[in-house]
Structures are given as C-alpha cells and as structure tokens.
Amino acid sequence: MRISLSKYLTVLIIVLLLGSSRTSVKSQSRDNFIWYDSSLPMEERITALVNSMSLDEKISQLVDESSEISRLGIPRYGWWNEALHGVARTGRATIFPQAIGLAATFDVGLVKQIASAIGDEGRAKFNLAIQNNNRTRFSGLTYWSPNVNIFRDPRWGRGQETYGEDPWLTSRIGVAFVTGLQGNNPGYLKAAACAKHFVVHSGPESLRHEFNAQVSAKDLRETYMPAFKALVTEAHVEGVMGAYNRTNGEACCASPYLMTEVLRDQWGFDGYFVSDCGAIQDIYNGHKLVSTVEEASALAVKAGMNLNCGNSFKSLKTAIEQDLLTEDDIDRALSQLYKTRFRLGFFDPDENNPYTSIGPEVVGCEAHVRLALKAAQESMVLVKNANNTLPLRKDLKTLFITGPQAANEEALIGNYYGVSGNTVNFLDAIVNKVSVGTSVNYNMGQLPFQPNANPIDWTTDKAAAAEACIAIMGMNGTWEGEEGGAIASEYKGDLPDARLPQVQVDFLKKIRSKSKNPLIVVITGGSPLIIPEIMDLADAVIFAFYPGEQGGTALADIIFGDISPSGRMPFTVPKRIEDLPPYEDYGLEGRTYRYMTEEPLIPFGFGLCYSRVSYEGISARKDEKNIIIKVNITNGGDRKLQEVSQVYISSPLAGNGQPLFSLKDFTRVLLEPGETKTVKFKLNNEKFELYNAEAENFLPEGDFTVYVGGSVPSERSIELGASLPAVFTINYKHLK
Numbered sequence: 077m078r079i080s081l082s083k084y085l086t087v088l089i090i091v092l093l094l095g096s097s098r099t100s101v102k103s104q105s106r107d108n109f110i111w112y113d114s115s116l117p118m119e120e121r122i123t124a125l126v127n128s129m130s131l132d133e134k135i136s137q138l139v140d141e142s143s144e145i146s147r148l149g150i151p152r153y154g155w156w157n158e159a160l161h162g163v164a165r166t167g168r169a170t171i172f173p174q175a176i177g178l179a180a181t182f183d184v185g186l187v188k189q190i191a192s193a194i195g196d197e198g199r200a201k202f203n204l205a206i207q208n209n210n211r212t213r214f215s216g217l218t219y220w221s222p223n224v225n226i227f228r229d230p231r232w233g234r235g236q237e238t239y240g241e242d243p244w245l246t247s248r249i250g251v252a253f254v255t256g257l258q259g260n261n262p263g264y265l266k267a268a269a270c271a272k273h274f275v276v277h278s279g280p281e282s283l284r285h286e287f288n289a290q291v292s293a294k295d296l297r298e299t300y301m302p303a304f305k306a307l308v309t310e311a312h313v314e315g316v317m318g319a320y321n322r323t324n325g326e327a328c329c330a331s332p333y334l335m336t337e338v339l340r341d342q343w344g345f346d347g348y349f350v351s352d353c354g355a356i357q358d359i360y361n362g363h364k365l366v367s368t369v370e371e372a373s374a375l376a377v378k379a380g381m382n383l384n385c386g387n388s389f390k391s392l393k394t395a396i397e398q399d400l401l402t403e404d405d406i407d408r409a410l411s412q413l414y415k416t417r418f419r420l421g422f423f424d425p426d427e428n429n430p431y432t433s434i435g436p437e438v439v440g441c442e443a444h445v446r447l448a449l450k451a452a453q454e455s456m457v458l459v460k461n462a463n464n465t466l467p468l469r470k471d472l473k474t475l476f477i478t479g480p481q482a483a484n485e486e487a488l489i490g491n492y493y494g495v496s497g498n499t500v501n502f503l504d505a506i507v508n509k510v511s512v513g514t515s516v517n518y519n520m521g522q523l524p525f526q527p528n529a530n531p532i533d534w535t536t537d538k539a540a541a542a543e544a545c546i547a548i549m550g551m552n553g554t555w556e557g558e559e560g561g562a563i564a565s566e567y568k569g570d571l572p573d574a575r576l577p578q579v580q581v582d583f584l585k586k587i588r589s590k591s592k593n594p595l596i597v598v599i600t601g602g603s604p605l606i607i608p609e610i611m612d613l614a615d616a617v618i619f620a621f622y623p624g625e626q627g628g629t630a631l632a633d634i635i636f637g638d639i640s641p642s643g644r645m646p647f648t649v650p651k652r653i654e655d656l657p658p659y660e661d662y663g664l665e666g667r668t669y670r671y672m673t674e675e676p677l678i679p680f681g682f683g684l685c686y687s688r689v690s691y692e693g694i695s696a697r698k699d700e701k702n703i704i705i706k707v708n709i710t711n712g713g714d715r716k717l718q719e720v721s722q723v724y725i726s727s728p729l730a731g732n733g734q735p736l737f738s739l740k741d742f743t744r745v746l747l748e749p750g751e752t753k754t755v756k757f758k759l760n761n762e763k764f765e766l767y768n769a770e771a772e773n774f775l776p777e778g779d780f781t782v783y784v785g786g787s788v789p790s791e792r793s794i795e796l797g798a799s800l801p802a803v804f805t806i807n808y809k810h811l812k
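So that you can map any letter, position 237 of the sequence shown is 313 in my numbering, and since no number is skipped, the others follow by simple counting.
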C-alpha cells in the first residue's frame, strides 16, 4: 500500500507533537509542579496539589481506580492490590502458606521475613510495571492485607485468611507482617499494608451485605479490636479497610465511632481508610440506613472514609449540590489519601528512594523459595501419632497414595493467591522422597465433595494392601472461601456443619475396614474441620492447611522424618458444631478456647513432635515493670526439634464472665537431642488486666495462675499427648 508524502508528513508531525507533549508533561511534573519538589514538606506539597485540582478531578482520585490528571502530571493509579500470602493476582510471585498456616507457625520472626520478601517482590514487579507503563488493577503497591479479623466460628469460609481465634497471636503475627511488608526506611514505604476488615467481621458470607453484628463493649475491646489497635499503634499500618456489615447498628464503612473516635482520635491512625468493595452501596441497598447513593457516600466521607472501592463516590458532586457535604470535606479526605502515595515515593526522584532499585531477580528467587519451604514445614500440625507411626521409613516395600487433594494444586494455594510456576504438590514430593526401590502407587480414589459417579472401586483394596497408605483429604478453594470465589459451594464459601465431607469419611472408613497397616491422613484447608471419625480410625493425622508452593516438599519432609513437626493449632476444633452458639451470634461466650466450656476435639495451641518435651524448674521474680518468668525446657528424645513454648494466664475470675485462659506470650525454642534450655518471658501488668462490662481495664484481687507449656493447659491437651505445663501462682498485690 502506497502512502502519499503529504499524509506521511502529517502523521509524522502528529507523532512528534505527541512525543513532545509526553516529554513536556514529564518535564513539567518533575520541574514545574511544587508537588514534585522533594525539598519541601510533604504537607505543603499535598495542599498545593489538592488546591490545583478541580472538584471533578478531586472526586476522580477518591476511587480505587484513580484517574490520570495529565495537566497536573498525575498518572493513573490502582489502589486495589493483594498480598495475603504473596503478591497476588498480578502474575509470577512466590506463594507462601495461607495466612492461617502462617499463624500456625507461631513464628513472628519468620512471618516478618516472609512479609519483607513479599514487599521486595511487590516493589520489583511495580518497578517493572511502571517501566512498561502497566498501571492496570493489581499492579500497584497498596496491598489490602493482612486480614486480622478473629476466626470466631469454624463455619466461616474466609477464616483461612486470618491468623486464627486468639487476639494476642493475631496481633503479634499481624504486626510482624505489616512491619516486614512496609519496610524499615524512615522516609519511604516499601509497600503499604492495610488492616482489614474493621472491625467485627467473620461471617456469615451470605449475609455480609446486610448483617448487623451485635457485640458487647467488652468483647469488642477485649477480642475484636486488639489486633487492629496493635497494627495501628505499633506497626503504623498505612491503610485500614472497613467491613461490609454493620456493628451495633452502624455501618462499618460509615461509623463515626469506629472510623474517627476510635481509629483516629484514640489510636492516632494517620493512614487512609478504604471501603470494602461495594460496601458504600450496601449502606443504602443492604443496610437501608439511608435512601440514596449520595446520602451513603456523604455519610462515609463525613465519618472518615478516604477511598471507595467501587463506583459510589462518583455521586459526591451531586451530594455536594444537595448540601450533604462540602468541598472542604472532599479536600480533607483527599489530602489524607495522598499521604500514602507520597510515602511510597511516587512524587520523588527515583534516586531518593532505595526501593526503586529492587529488580525482578528477587521474584521467586532461591532465598524466597527456601522461606516458603521453611514456613510450610513450620505450619503443619501433627495432631495424632499413635504408636509412633510417623516418621515413615523411606525404604518401605510398598506405599499407596490416595485422596482428592494429593495432586491438586488448589489444595496448596488457598485464596488471594499469586501464581508461581514452581509449585510442588503432595504426590510428587512424596514420590521423590522415598527410595527408588519402593513400589509407589497412586489413585485419587474419591471425588472431594460428592459421590463417585462410577461405582467400581479400584482403590481401597490396593490402599489397604500397601505397607502404608497416605491419604490427602480435606478442602480446597472451590469449596471454602469468599462469597463468590468458592465455585463448588452452595453456601457461598461457608461450611454449615464444619465437617469433612461425608464421602471422604466413608472412603477412609472403607480403607480402614480392610487393613490394619498404617493409615496416615493429611487434612488440607483453612478451617477447624470437625473430624472425630478420622481421629479414631487414622494412625496419624496432620493438618496441612494451604501450605503454598512448597507444601508438597514440606509434607514429605515431615512424614519421612527429615524434620520434626512443629506447627501449632491456631484455632480450636470442636467435637460437634452443636457445641457452639449459633453462627450469627457474635458474643464470645462458649466460643474459642478462651470461653468454650465444652471439651474440644483438638485444642488451641496443640501440636505433636517426634520427641518428648518437658517443662520444669519454673521460677518468677518482679522487676520495676515486669514479672520475669524462667522455665527449663528439655528435649528428652533423640531427634532435633523446635518447641513452641506458650504462656497462658488464668485470672481469679476465670469462668465468671472472664476468659478461662489467655495466651500472653510465645516463642520457638530449638532443642538438640537431650538438650535443656532456660527460656525467659516478661509479663507486664497489662497482661494481667481484664475488661469489665463497660470495657474498662481493671486488675482483680486474688491469685493468678500462669502456665508455660506446649499447648493450652487443658485436660484434652494432655490426653492427646501434650507435655505437662509448668505452673505457678501469683497474687494481685505482688503486681502493684
């Protein structure tokens, strides 16, 4: 095709003009705009930027897909990004264990390293995306993680995203995650974390857009708020996301009490507040607190909202015209929001920000893969090991592997995941671990959630005949998870009876009925699955959670004894769902190890190892601010291990409206065979305080009992094989 000279020159001139225009905008953005002058105070630059915008431009910045303002040198930015257990939804990244698995490690230092690695990978991917002019959703640095809601009920499908049922464990793991992700540079954030979902939120999934969570002042301050407070006051989390539901009648995304009085005035929060996606619409559509989108949007902004994930804030101009709010309200919201973009270094020269030099070589690097493996190893919890069934020999004559999750990548990744290209499933890792001379056979055997369509059984006889059978059972993300993500669930991701599907139970019963050879059952998933039949019929049971890309290798390492298991349960597994209050009841009475009086199937904090651990020689003394506890911990076996040592306090009012036990500290202790170590803990007065009905702190008179051991100090823990805890009592007057 021939092009005339005049047309060619016209096209060339247009291209040159466009190039010149782009160059001039970039030049102007760096040289002529005060908000790009890094020598000036951030507040002055933000004020100048906001004052330079029209009202329409301001409103365009208050939604998660913030528009480009080319005349001011402001590029488009997508606020919605995820990094729950690795950079998610934006291509290749290391996949670490799901959040509930990270909690099961009880390893604060490891979680901080993992979060730092996630931050490095996120920065590297962002740096490359900007070079490629990729500003699409999920390519930014404002990560809406972690989820520090309390996993109060095993029926909640999203509990896998949390750090379990205990407020202290949740706060410690959460603080470690935020500080690791955001980095330690005094001038810039490596990435911006976001604590969600503020504040009382843990199902039901099907009702979250209309539900009102009624909770006492005591439960609110004692259980539901502590992790959020810690992330704000200790870790200085950059963002907070409001929940869909109402709490005590107020929409969590339009609550002056939660968003202003508590978060900003009491706790000093200086970050941005974002709605859960579509939550502004729920204010008038689901909760029916107001009648229109304008009223809902105005209510949210006035309560302290800075950013709307969704489209509702497009109504803000009309809301101003209706005198529901003013442009000054918009300016306050926007000025606070832009602090985050400045703290990420988006308006400063690249050479000022050390994080702009992080390159793509860190993504999926060997060091991060090792971290993923270590986390998976530390997360898995051995809850039964009858007659020392495990570890298995690597030179077994015959081994049969079965179960719906054995070769299923869905059982590794949970939800809110990235993609790795480096995943190792359970089947492959086990096969690679045993001797070449071992006869290994595999058959999935049973569909995960429904009866097999074909009645012919070619599995259970072979499984029973093998020298040992490893059955990988449990859940995956198609069955449990968020409202729209669990595509196989008719309950929108929730688990009405919190049990292992009956078809899986029946399959294992059939294998057991045909053989007395060792049967090792591995349970995947993120929930406290109620498995009494499995605890009875299996010789060994391991909770593997969603262990991430190296989950297969970690499981094989544990089953064949390359390492001793060291994970601990981050939640309580009840014996029956009937032992719990109704799902919709947010009161803590009868829930979690702190208030549950029914004997559990598996206690919080419990986990076995391949050795014998004893706690002896406990002593306590008081300094000016703390009670110093020392205890001797001994590995009485012939295998190296890591013991998760836990400190619980029981007050003189335990069981009388106050927790039976409360976790107050924990640490990991590495012990060689036969080794004894003295471990020290510090408990200040605050750790002995209780809350009254008005949510006021007080110290009751009488004796407190302090327990140091490897599990919550219950009879059920000892029955299942936990070490006897070391115990001492101390009187209130000694704490003054």
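Backbone N, C-alpha and C fix where the C-beta goes; we use that ideal spot for every residue, glycine too.
To the nearest angstrom, how far is it from the Cα of residue i to the Cα of residue j?
i, j, result
"Arg222", "Lys272", "Looking at the sequence provided, one finds Pro at residue 222 rather than Arg. Straight-line Cα distance between these residues: approximately 6 angstroms."
"Ile434", "Ala193", "11 angstroms"
"Phe182", "Lys201", "29 angstroms"
"Gly494", "Val507", "26 angstroms"
"Pro151", "Lys716", "54 angstroms"
"Ile634", "Leu746", "16 angstroms"
"Glu144", "Ile359", "29 angstroms"
"Thr535", "Gln526", "17 angstroms"
"Thr499", "Leu488", "8 angstroms"
"Gly683", "Pro467", "15 angstroms"
"Cys353", "Tyr567", "20 angstroms"
"Ala798", "Pro243", "23 angstroms"
"Ala539", "Asn517", "9 angstroms"
"Val251", "Val459", "28 angstroms"
Reducing DSSP to helix, strand and coil, say where residue i ends up.
i, result
"Asp407", "helix"
"Asn288", "strand"
"Gly177", "helix"
"Arg667", "coil"
"His273", "strand"
"Tyr724", "strand"
"Ile694", "strand"
"Ile135", "helix"
"Thr166", "coil"
"Asp779", "strand"
"Tyr662", "coil"
Near residue i, what residues of its chain come up, given a Cβ to Cβ distance below 7 angstroms and the 5 sequence neighbours on each side ignored?
i, result
"Ala620", "Met456, Val598, Ile599, Thr600, Gly627 and Leu631"
"Ser695", "Lys706"
"Leu401", "Ala374, Val377, Lys378 and Ala395"
"Leu766", "Ser727, Leu729, Gln734, Phe774 and Pro776"
"Asn702", "Lys758, Leu759 and Asn760"
Taking the alpha carbon of residue i as the reference point, which residue from the options has its own alpha carbon closest?
i, options, result
"Leu413", "Leu383, Glu437 and Glu403", "Leu383"
"Thr710", "Tyr724, Val723 and Tyr691", "Tyr691"
"Ala452", "Pro641, Ala769 and Leu148", "Pro641"
"Leu365", "Met335, Gly560, Leu334 and Ala327", "Ala327"
"Tyr333", "Phe274, Phe287 and Ala303", "Phe274"
"Gln522", "Met549, Asp537, Ile135 and Ser215", "Met549"
"Arg48", "Asn225, Met335 and Phe109", "Missing from the structure shown is residue 48; the chain here goes from 77 to 812 and no further."
"His277", "Lys266, Phe227, Ala159 and Gly162", "Phe227"
"Asn807", "Val784, Phe764 and Leu796", "Phe764"
For residue i, count neighbouring C-beta atoms within 10 Å of its own C-beta (all shown protein chains included) and say buried if the count is 16 or more, exposed if not.
i, result
"Val512", "exposed"
"Gln207", "exposed"
"Tyr153", "buried"
"Lys102", "With a pLDDT of only 46 at Lys102, under 50, the local geometry of the prediction cannot be trusted, and the value read off the model is given with reservation. Exposed, since its Cβ has fewer than 16 Cβ neighbours within 10 Å."
"Thr212", "exposed"
"Lys698", "exposed"
"Ser282", "exposed"
"Thr754", "exposed"
"Gly95", "Unreliable placement is indicated for Gly95, whose pLDDT of 41 sits below 50; no coordinate value is reported for it."
Please tell me whether residue i has its Cβ less than 8 angstroms away from any Cβ of chain D.
i, result
"Leu410", "No chain D is part of this structure, which consists of one protein chain only."
Can you list, in chain order, the residues of its chain with a C-beta nearer than 6 angstroms to that of residue i? Leave out the 5 residues immediately preceding and following it.
i, result
"Thr474", "Ser515, Ala542 and Glu543"
"Ser130", "none"
"Thr781", "Ser726 and Thr805"
"Phe172", "His161, Gly162, Ile190, Ala448, Ala451 and Gly624"
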